[in-house]
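Numbering (my numbering), first residue to last: 112 to 380. Glycine included, each C-beta is placed from N, C-alpha and C at the ideal position. Worksheet: the structure to be examined is printed underneath.
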């Protein structure tokens, strides 16, 4: 179905704008993704928006035409609106902007297949959506299975996290769990040991280069300011550290995850 919206008070405009807030995303089970490149990457990964929103006055683009055709063929909705309305929806003053509404994915641990990848990323109490999106992007780059969010983390379906993921939100599995759920799940694999848990740490840690990584390897980073709780680190099979040559005593959480992920990739192949 195709329709055009012209008024700011239209219920669909209000619905789209509401998806910028976590409580409304949670209530609707939907999230918003913005930008032709991101939506095209999602399409290539087998994900089509159930609602495609674009500017009424726009330049023709073959990727947008293909996206529109596929959405309509799948029974989705295509909505056109003026650039001023679309700017209200996307938060961007860009008449070429395009946005899509997607159903949130399941985030349970039970759906993960730990044998599907040698590397998994795990973040505890990660609060910055940009860091979260960057970790998803890193996971895609190294062929990780996905990202497991422990305890109270930023929402992976926020506009900021989705944008920072550069489309990896559609290629990486995402799970959310409390620590007391995650640890039994991890240890409940074959022979009671379903994976190696590796912490980025300063406590009794070995150099991250050439450390004995083993698949499936779960690389754990902590909160941006506090790091990992000591009792969480104590449960890890391996603790690794990265040399700090300057005045800084730690790396950004997402950067640390990327450094470890590429080292683990070099070891595990």
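Query	Result
In whole angstroms, give me the CA-to-CA distance for residue 370 and residue 319.	9 angstroms
Residue 226 by DSSP, collapsed to three states: which one?	helix
Provide the residue(s) that pair with residue 231 in DSSP beta bridges, ordered along the chain.	329
What does DSSP give as the partner residue(s) for residue 318 in the beta ladder?	352
For residue 186 and residue 290, I'd like the C-alpha separation in whole angstroms.	40 angstroms
Can you give the beta carbon distance from residue 283 to residue 311, rounded, assuming they're within the 8 angstroms contact cut?	Not really, about 19 angstroms apart at Cβ, beyond 8 angstroms.
Between which two residues does the beta strand (DSSP E) harbouring residue 213 extend?	209 to 214
Name the one or two DSSP bridge partners that residue 283 has.	None; residue 283 has no bridge partner.
Let's test the definition: count the other Cβ atoms within 10 Å of the Cβ of residue 221 and tell me whether it reaches 16, buried, or not, exposed.	exposed
Which residues does DSSP list as the beta-bridge partners of residue 162?	188, 212
Kindly provide the ranges of any beta strand (DSSP E) runs that are 3 or more residues long and lie completely inside the segment 115 to 175, ordered along the chain.	141 to 145, 162 to 166
What separation, rounded to the nearest whole angstrom, lies between the Cα atoms of residue 147 and residue 277?	11 angstroms
DSSP three-state label for residue 260, please.	strand
Using 7 angstroms as the threshold, is the C-beta distance between residue 264 and residue 308 below it?	no
Have a look at residue 165 and residue 210 and give me their C-alpha separation to the nearest angstrom.	7 angstroms
Identify the residues that DSSP records as bridge partners of residue 309: which are they?	330, 349
Tell me residue 113's beta-bridge partners as DSSP assigns them.	189
May I ask you to report which of helix, strand or coil DSSP gives residue 244?	helix
Near residue 189, what residues of its chain come up, given a Cβ to Cβ distance below 7 angstroms and the 5 sequence neighbours on each side ignored?	113, 163, 179, 182, 183
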